[in-house]
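Chemist:
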Amino acid sequence: MVSRIVVALGGNAILTKDPSAAAQKKALEVTAEQLMPLIKDNDRQMVVTHGNGPQVGNLLLQQLGSDSEKNPAMPLDTVGAMTQGEIGFWTVQAFTRAMANNGLERYPVISAVTQTLVDENDPAFKNASKPIGPFYTEEQLPEIKNQFPDWELMEDAGRGYRRVVPSPRPLEIIEAKAFGPILESGSLLIASGGGGILVIKDGNGYKGVEAVIDKDFSAAKLAEMVGADELLILTSGGDVYLNYGKEDQVHLETVKVSEMRKYVDEERFAKGSMGPKVEAAVSFVERTGKVATITSLDNVENFVKSGSGTRIVP
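Numbering (the UniProt record's numbering), first residue to last: 1 to 314.
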């Protein structure tokens, strides 16, 4: 029986310490090879989605650094679209090469420019919370604030300070209705990169907004809309733990969604890292009655063989 899965890649799947295009392409080639155990199953239709926070932030800096009347900086929604195309292109190349190396004959890998509809009255627009771009040390803060006085900066899970922007919740993945035939053809689909390009309704059409969306919430909405049987969120931190990093940490393996919802409501997970991933996974299971798994990219083979990872079940 054919199943359908949405795989959400973490930032470590694309960007390592070296932000050059060559290094990011190489990281994606390694990632694609690690995902081959999923793709080797011909009875599994697959959508891959990814983040773009560091890429958006870096490209914004480039835009602002060369801003002029003749070469104006592009707004955040357009920069998001630019990085979606950039990373989508690299990802298509990486998966095409990996499948050829593994003797897999499938239809082409397809990357879709994807828009995500949000509510213009979402309270998130009044409370910037989503980190984008590079990390800054505490010593760098005065210089950054002087250079970009309109920026809001926040500590990100103990790793340094980053710019934060509004991050509303997704209402709809606008192009999702077209994805079914693509998946049924056997193609591997890359979609909702960076959570999608954020838009609001504008008369008979849509217009972009200055915000970004959490890729895991967008992945959950995408999985819901394409009728996925499972959502797989891959993280650099691996499985989910209570009291992570403490002597009494507890590894969560198979957990009922009602129990995990309680942990989310009690804010038992770090807001800047594991918290949004768990909440996104919980929302998918609650809305669909299907299964979500959170684990590391390195654990994909074990996930395929035995279902290893933190599994959230109805």
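Using N, Cα and C, we set each Cβ at its ideal position, and we do this for glycine too.
What would DSSP say about residue 126, mapped onto helix, strand or coil?
Modeler: Reduced to three states, the DSSP call for residue 126 is helix.
Chemist: Here's the rule I'm using: 16 or more other beta-carbon atoms within 10 Å means buried, otherwise exposed. How should residue 231 be labelled?
Modeler: Buried, because 16 or more other Cβ atoms sit within 10 Å of the Cβ of residue 231.
Chemist: Count the C-beta pairs between the stretch 173-180 and the stretch 131-145 that are closer than 8 Å, then say yes if the count reaches three, no if not.
Modeler: Short answer: they don't touch.
Chemist: What is the DSSP secondary structure of residue 74, reduced to helix, strand or coil?
Modeler: Correct three-state label for residue 74: coil.
Chemist: Are the CB atoms of residue 39 and residue 104 within a distance shorter than 9 Å?
Modeler: Yes. Within cutoff.
Chemist: Distance, Cα to Cα, residue 304 vs residue 295?
Modeler: Each residue's Cα considered, the two are about 12 Å apart.
Chemist: Ignore the nearest five residues each way along the sequence and tell me which others in residue 152's own chain have a CB closer than 8 Å to its CB.
Modeler: Contacts found: 128, 163, 164 and 165.
Chemist: Does the separation of the CB atoms of residue 167 and residue 98 fall below 9 Å?
Modeler: Taking 9 Å as the Cβ cut-off, residue 167 and residue 98 do not qualify as a contacting pair.
Chemist: So, residue 94 versus residue 29, is the Cβ gap smaller than 9 Å?
Modeler: Cβ atoms of residue 94 and residue 29: closer than 9 Å.
Chemist: Judging by CA-CA distance, which residue of 22, 47 and 33 is the nearest neighbour of residue 228?
Modeler: Out of 22, 47 and 33, 47 has the C-alpha closest to the C-alpha of residue 228.
Chemist: Taking all protein chains shown into account, do 16 or more other C-beta atoms lie within 10 angstroms of the C-beta of residue 15, making it buried, or fewer, making it exposed?
Modeler: Classification of residue 15: buried, given that the 10 Å Cβ count is 16 or more.
Chemist: Does the beta-carbon of residue 209 have 16 or more other beta-carbons within 10 angstroms, so that it is buried, or is it exposed?
Modeler: Its Cβ being crowded by 16 or more others within 10 Å, residue 209 is buried.
Chemist: Using C-beta distances below 8 Å, list every residue in its chain close to residue 214, excluding the 5 sequence neighbours before and after it, in chain order.
Modeler: Only 130, 167, 195, 276 and 280 meet the Cβ criterion.
Chemist: Please work out which residues of its chain come closer than 8 Å, Cβ to Cβ, to residue 56, disregarding the five sequence neighbours upstream and downstream, and give them in chain order.
Modeler: Within the same chain, residue 56 has close Cβ partners 76, 79, 80, 83, 132, 133, 194 and 212.
Chemist: For residue 224 and residue 250, I'd like the C-alpha separation in whole angstroms.
Modeler: Roughly 29 Å separates the two Cα atoms.
Chemist: Between residue 220 and residue 284, how many whole angstroms is the CB-CB distance? I'm expecting something under 8 Å.
Modeler: Contact holds; Cβ gap of about 4 Å.
Chemist: From residue 115 to residue 197, what distance separates their C-alpha atoms?
Modeler: Approximately 5 Å, taken between the alpha carbons.
Chemist: Report the residue ranges of all beta strand (DSSP E) runs contained in full by the stretch 5-79; include only those spanning at least 3 residues, in chain order.
Modeler: Within the stretch 5-79, the complete beta strand (DSSP E) runs of at least 3 residues are 44-50.
Chemist: Across which residues does DSSP place residue 291 in a beta bridge pair?
Modeler: In DSSP, residue 291 forms a bridge with 230.
Chemist: By alpha-carbon positions, which one of 262, 148, 42 and 292 ends up nearest to residue 188?
Modeler: Among 262, 148, 42 and 292, the Cα nearest to that of residue 188 is on 42.
Chemist: Alpha carbon to alpha carbon, how far is residue 158 from residue 268? Give it in angstroms, no decimals.
Modeler: When rounded, the distance between both Cα atoms is 16 Å.
Chemist: Below 6 Å CB to CB, which residues in the same chain sit around residue 32 once its five sequence neighbours on both sides are set aside?
Modeler: So the list reads 94, 95 and 98, once near-sequence residues are dropped.
Chemist: Quick one: residues in its chain with C-beta nearer than 8 Å to the C-beta of residue 308, no 5 flanking neighbours on either side, listed in chain order?
Modeler: The residues are 295, 299 and 302.
Chemist: Rounded to whole angstroms, what is the Cα-Cα separation between residue 161 and residue 64?
Modeler: Going by the C-alpha atoms only, they are around 19 Å apart.
Chemist: Just curious, the beta strand (DSSP E) that residue 311 is in, first and last residue?
Modeler: Taken as a continuous stretch (DSSP letters only), the beta strand (DSSP E) holding residue 311 covers 310-313.
Chemist: If you check the beta carbons only, do residue 311 and residue 293 fall under 9 Å apart?
Modeler: Cβ atoms of residue 311 and residue 293: closer than 9 Å.
Chemist: Could you tell me the alpha carbon to alpha carbon distance between residue 239 and residue 253, rounded to whole angstroms?
Modeler: Going from the Cα of residue 239 to the Cα of residue 253 covers about 8 Å.
Chemist: Going along the chain, which unbroken runs of the beta strand (DSSP E) with 3 or more residues stay wholly within the stretch 251-300?
Modeler: Counting only runs of 3 or more, we get 254-256 and 291-296.
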